[in-house]
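With my numbering applied, the sequence shown has no gaps in its numbers, which climb one by one up to 349 at the end.
C-beta atoms are modelled at their ideal positions from N, C-alpha and C, and glycine is treated no differently.
Bear in mind that the values here come from a model prediction, so they are computed numbers and not experimental data.
Okay, structure first, notes after.
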Amino acid sequence: MSKVSVVLVGCGAPLKSMGWYHATQILHEGSDIAASLDFIVEPWFMSEAGKSSPGGAEFAEFKETLEANNGVKFFSRVEDVPSVENGMKRLAIISARTSDNPSLFASCLDIGCHAIFLEKPGAPSVSELETMRDKAKELGVSVFMGFNKNVSKFVRKSRDFARSHLKTKVTFLHNNNYDASPESLGECFERNSEGMLKNMAIHELALAVTFYGVSVDNILSVEADKTYSSCKTLEGPSGRGFTDFSKLKFTVKTKEDNEVSIAADRCGGDDSVGIVTDSEGNELVRFIMPDDEDAAIIKNAEERIAGAMPYFYVQDPDYATLKRRVVRAVVEGGRAEGVATIDVAVETLKVAEYLTPILMGQLNKK
């Protein structure tokens, strides 16, 4: 019997939402995550408005299946989740809308969660995330972040290669596979209205903070690659306009003489890449996620769960590793190897807020 009881907060729509994928992965025995998914909290699809909204019928079917086959109990509010049983450690996984995270986080603390796994970016603003961090520390609750690339093999291999070859530079590239049409990108911009650096590329910013010591206080310079990057204003499904990057590449240098480049392309494919170049910019090697070692795991996930968002399959091995390490840390105490803490998330969000207007300004400058 598992010693860790999971309450998933924010399930979302089956096949589309990260919360749903967290639930599916925990329940799959092959993922080897030593935790029991006991409760799911889904405020939207369990509301009257949500039940009849797009995705509502699919969620209702998912709910019925998990209740019948896995004994999972569903609630519309965190406050309604029963008290944790004696001898069990409770882990909350929060994978909701960013704007809802602060209140959901506070509720998870109120019901006695021993640890929280918080999806990126954690909160809409630095001040809110700092408040969440401070309250968790006051209560002795560990907070782990869902920056899955912190435990990715391609990141480790890129950094190891660069360390063993003098005067090399590393670029971390993050691709998504949205259609390049204004309609598709407009929907993406609206759904991820916090912006690329607070959403898609925040994984790479977390790498910069974790492994290259980047912080707002020690950034010496930042330079956008204008030939690669594109900033657009597009209409979303609501009819409102949203300004964001469809592609972005930039290089950050610190006062400690560290340097790292980050690139993100919303229409570039399904992979993430670590590219190591020499001092002249010539490519020496690239490491890709997923790699050949992950192919069998990804194929199994695609066959087991057909029709999900493609990036779920690509990220499956890393997210399983992330959750296994978090669960182990909850049971044994102490840090989770390689997993970003909420302190890293606070600095990463600060960097995202700092860089966004600078990079937009550079790209809009005539």
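Item, Value
"Start-to-end residues for the alpha helix (DSSP H) that takes in T324", "Note, T324: premise wrong, no alpha helix (DSSP H); not H, not E."
"L180, enclosing beta strand (DSSP E) - first and last residue", "Premise fails: L180 is in no beta strand (DSSP E) and is neither H nor E."
"Contacting residues, own chain, Cβ-Cβ under 8 angstroms from K72 (five flanking each side not counted)", "K(-14), V(-13), S(-12), H97, A98, V313, V314"
"Alpha-carbon spacing of E41 relative to A(-4), whole angstroms", "7 angstroms"
"Beta-bridge partners of C214, as assigned by DSSP", "F228"
"M292 versus D326: straight-line alpha-carbon distance, rounded", "30 angstroms"
"Whole-angstrom C-beta distance between V334 and S176, which should lie under 8 angstroms", "Actually they do not touch by this definition, with Cβ atoms about 19 angstroms apart."
"Length of the line joining the Cα atoms of G251 and D162", "9 angstroms"
"Neighbour-count burial assignment, L156, 16 or more Cβ in a 10 Å radius", "buried"
"Alpha-carbon spacing of E102 relative to L149, whole angstroms", "35 angstroms"
"Other residues of its chain near E173: CB distance less than 8 angstroms, five sequence neighbours each side excluded", "G219, P220, S221, R223, F225"
"Inter-residue spacing [alpha-carbon to alpha-carbon] between D63 and A51", "20 angstroms"
"contact_flag[the segment 128 to 144, the segment 293 to 313] where n(CB pairs < 8 angstroms) is 3 or more", "yes"
"Of the residues L332, A323, Y337, Q345, the one placed nearest G129, counting alpha carbons only", "A323"
"For G196 and F100, the rounded distance between their alpha carbons", "23 angstroms"
"L267 versus S255: straight-line alpha-carbon distance, rounded", "17 angstroms"
"D21, buried or exposed, once every other Cβ within 10 Å from all chains shown has been counted against 16", "buried"
"F353 and V24 closer than 9 angstroms at C-beta", "Since the first residue shown for the chain is -16 and the last is 349, residue 353 is missing from the structure and cannot be characterised."
"Nearest neighbour of R249, chosen from N158, T193, H11, K215 [CA to CA]", "N158"
"Unbroken alpha helix (DSSP H) run spanning A279, endpoints", "275 to 287"
"Reference R166, options V124, S229, N182, K118, closest by Cα", "Here the sequence assigns Glu to residue 166, which means Arg is not the residue at that position. Considering only alpha carbons, the answer is S229."
"Option nearest T48 by Cα separation, candidates P65, A6, V67, S14", "A6"
"T154 versus W3 - alpha carbon distance", "31 angstroms"
"Nearest residue (CA-CA) to A119, options D275, V259, S108, A89", "A89"
"Rounded separation between I77 and S19 - CA only", "16 angstroms"
"Inter-residue Cα distance where the pair is I271 and Y294", "14 angstroms"
"For D21, three-class secondary structure by DSSP", "strand"
"From V124, V192, L346, C214, residue whose alpha carbon lies closest to that of V317", "First, the residue type needs correcting, since residue 317 is Gly and not Val in the sequence shown. Ranking V124, V192, L346, C214 by Cα distance to G317 puts V124 first."
"Buried/exposed call for N182, threshold 16 Cβ in 10 Å", "buried"
"For A106, three-class secondary structure by DSSP", "coil"
"Rounded straight-line distance, which links the Cα of A43 to that of P37", "11 angstroms"
"Spatial neighbours of R269 in its chain, beta-carbon cut-off 6 angstroms, leaving aside the 5 residues before and after", "V256, I258"
"Three-way DSSP call (helix, strand, coil) for H5 in this model", "helix"
"Per-residue DSSP class, three states only, for A246", "strand"
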